[in-house]
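Residue numbers (our numbering), protein chains in the order written: chain S, 1 to 393; chain E, 1 to 192.
Ideal Cβ placement from N, Cα and C applies to all residues, glycine included.
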């Protein structure tokens with residue numbers, strides 16, 4: 001029987017970690033992810049988990065400790081945000097390139113400077129090329145579910161890569177909302193026992209990890225790593241289908257909301273997708289064929305599937321909660337537009353940067369984006385390719 | 001989208017407005033509703049104005065923005081009336097409850113002659129008499145629940161008693177005082 005509860009996003013994720021009962025958690029506190037290791041350390045203190053909790057002195061050390069533990073053969077988890085993720089930078093690449101299936105919660109927060117504790121996606125978007133699998137989540141429920149599934153994806157023999165489970169700081173992490181939890185036994189059975197193929201503590205099969213790699217092999221190793229993250233897409237599909245059987249909740253690579261017959265659509269990740277669904281319903285009542293595509297799996301990027309899903313609409317706005325500073329659009333926009341090139345030609349695609357540093361975005365803010373799209377759909381002309389939602393200038 | 005009730009809390013850091021919004025969410029959750037309870041985080045300073053929010057619905061809540069057109073407003077600190085536009089966007093079909101010894105008629109003048117229901121309760125007096133300290137949030141929670149009638153009174157008090165036992169597990173001596181403060185505020189709130 002599912003358990004009806006009300007939890008904040010951070011509480012839900014800590015609860016999932018208790019059910020997963022990893023071998024090692026190494027973490028350093030940073031707002032707004034602090035509560036995740038905080039609640040989890042209480043489970044450790046209460047003897048509710050078997051986990052070795054490593055309190056480190058920085059996020060660089062947190063990720064280093066995770067790498068060491070995972071390489072030794074331990075199922076390892078952590079959590080961070082913003083500057084903490086930034087400080088992990090070089091270790092993120094090492095975790096991915098050593099093919100260590102660490103699972104990390106990234107509670108999305110803006111990056112300094114100026115210092116800001118509120119939500120945007122600059123932190124995780126900056127790590128999008130680190131080789132980590134990234135899954136973005138709208139609600140506490142989705143974050144809880146994704147964290148459980150992430151263990152299976154990361155550790156799958158065809159993947160063997162770390163996974164970052166992302167959700168919005170404060171908006172999701174600190175808001176208390178309804179959630180359906182799975183029973184402990186169900187989660188335990190779903191994630192199963194971790195049996196790494198290679199580990200440093202397996203003395204019957206000694207291996208070396210993180211070796212010096214000369215031009216003779218480095219390129220081939222990167223090619224294998226690229227193949228592994230490519231495999232993650234099908235593995236996620238399979239794991240999600242299996243998860244649907246125990247939870248009744250079916251997830252896809254992305255979510256389509258009233259997109260089938262839509263003339264205009266937005267592409268958006270995390271909590272604002274929920275707000276935008278209310279906007280879609282409001283516009284539908286007015287007879288406007290609005291739709292939405294919510295990003296879930298961002299790395300690897302399901303390019304063909306997204307291009308196909310958007311191929312029938314007249315105009316699309318891709319919403320980025322990170323600036324990117326390419327002067328050619330935000331990170332999701334660049335990937336979506338590139339995916340559509342040659343596959344969905346003729347669809348007008350524009351970019352909106354929104355909500356940086358926690359700027360609140362409501363139903364009527366999103367409506368402005370659809371109004372803009374309607375104008376483009378009617379005229380067939382794109383006036384502004386790059387836009388900033390609700391900016392004062 | 002079904003009928004959704006939205007509540008906005010205005011308080012000052014340290015007065016427990018955030019906790020009150022979470023307790024309210026909990027009470028409504030216990031009656032089978034979908035709920036949201038969340039503060040608007042700023043620089044956390046004792047005494048600084050802060051806002052917290054609740055949404056309550058019979059259907060899953062998808063919107064994740066602040067609340068701009070609340071059905072109800074709770075003002076946990078009367079001094080905020082001078083500096084914060086507490087009735088901004090407040091629906092006239094709803095109401096506002098203020099922590100003050102003044103009458104609703106007197107307070108209405110400070111609310112730009114807001115047309116909806118106005119409630120007042122002396123949460124300071126209740127809190128100091130029942131808890132021996134100034135914690136206005138629980139009396140204000142009682143007052144707003146009395147105004148909205150979202151939950152049947154006895155059920156609400158029972159639900160809150162359970163929450164207090166959970167929340168104050170390490171200091172059970174404050175449980176009875178909080179229950180008394182809650183009940184008194186529900187009785188003593190004046191609404192016009």
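The distance from the Cβ of residue 52 of chain S to that of residue 13 of chain S is about 19 Å, inconsistent with a contact at the 8 Å cut-off. As for any alpha helix (DSSP H) of minimum length 4 sitting wholly inside the segment 135-212 of chain S, the runs are 140-155, 184-191, ordered along the chain. A Cβ-Cβ distance of about 5 Å is found for the pair residue 97 of chain E and residue 144 of chain E, placing them in contact under the 8 Å criterion.
Under the three-state reduction of DSSP, residue 39 of chain E is assigned to strand.
Residue contact check for residue 171 of chain S against chain E: a CB pair falls below 7 Å. Contacts with chain E at 7 Å (Cβ-Cβ) include residue 177 of chain S. Distances from the CA of residue 209 of chain S to each of S/29, S/370, S/87, S/73 were compared; the closest alpha carbon is that of S/73. Closest option to residue 75 of chain E, judged by alpha-carbon separation, among E/180, E/140, E/135: E/140. Judged by their CB atoms, residue 137 of chain S and residue 121 of chain S are not nearer to each other than the 7 Å cut-off. At least one CB atom of chain E sits nearer than 7 Å to the CB of residue 271 of chain S. Annotation: the segment 269-302 of chain S contains the following complete segments of the alpha helix (DSSP H) (minimum length 4 residues), in chain order: 272-285.
Taking one beta carbon from each stretch, the segment 275-286 of chain S and the segment 251-261 of chain S have 3 or more pairs nearer than 8 Å; the two touch. In terms of Cα proximity to residue 63 of chain E, the closest of S/375, S/391, S/365 is S/365. Around the beta carbon of residue 227 of chain S, fewer than 16 other beta carbons sit within 10 angstroms, so the residue counts as exposed. The straight-line gap separating the alpha-carbon atoms of residue 205 of chain S and residue 154 of chain S is approximately 22 Å. Contact annotation: residue 176 of chain S and residue 37 of chain E have beta-carbon atoms nearer than 7 Å. Annotation for residue 301 of chain S: 335, 339 place their beta carbon closer than 8 Å to its own, counting only its chain and skipping 5 residues before and after.
When only Cα atoms are considered, residue 75 of chain S and residue 359 of chain S end up about 37 Å apart.
Counting the other CB atoms within 10 Å of its CB gives residue 383 of chain S a total below 16, which places it among the exposed residues.
Following the DSSP letters along the chain, one finds residue 238 of chain S inside the alpha helix (DSSP H) bounded by residues 218-247. With fewer than 16 other beta carbons inside 10 angstroms of its own, residue 392 of chain S counts as exposed. Within the DSSP secondary-structure output, residue 55 of chain E pairs in a beta bridge with E/6, E/36. Listed in chain order, the non-local C-beta contacts of residue 95 of chain E below 7 Å within the same chain comprise 72, 116, 117, 118, 119, 147, local neighbours out to five positions each way being set aside. Under the 8 Å Cβ criterion, the segment 216-224 of chain S does not count as touching the segment 75-93 of chain S, having fewer than three qualifying pairs. For residue 12 of chain E, the beta-bridge partners assigned by DSSP are E/49.
Going by C-alpha positions, residue 380 of chain S is about 14 Å away from residue 371 of chain S. By the criterion of a C-beta distance shorter than 6 Å, residue 116 of chain S is surrounded in its chain by 110, 357, once the five residues flanking it on both sides are discounted. Residue pairing by DSSP places residue 117 of chain E opposite E/95 in a beta bridge.
Annotated three-state conformation of residue 383 of chain S is coil, per DSSP. In this chain, the beta strand (DSSP E) harbouring residue 78 of chain S covers 76-80. Interface annotation, residue 361 of chain S: in contact with chain E, CB-CB separation under 7 Å. Sixteen is the threshold: when 16 or more other Cβ atoms of the shown chains lie within 10 Å of the Cβ of residue 63 of chain S, as they do, the residue is buried. The beta carbon of residue 175 of chain E sits closer than 7 Å to the beta carbons of 164, 165, 168 from its chain, once the five residues preceding and following it are set aside; these are given in chain order. Classified as exposed, residue 250 of chain S has fewer than 16 neighbouring CB atoms from the shown chains inside 10 Å of its CB.
Fully enclosed beta strand (DSSP E) runs of no fewer than 3 residues occupy 76-80, 103-108 of the segment 60-125 of chain S, in order along the chain. Note on residue 3 of chain S: under 16 other CB atoms within 10 angstroms of its CB, so exposed under the neighbour-count rule.
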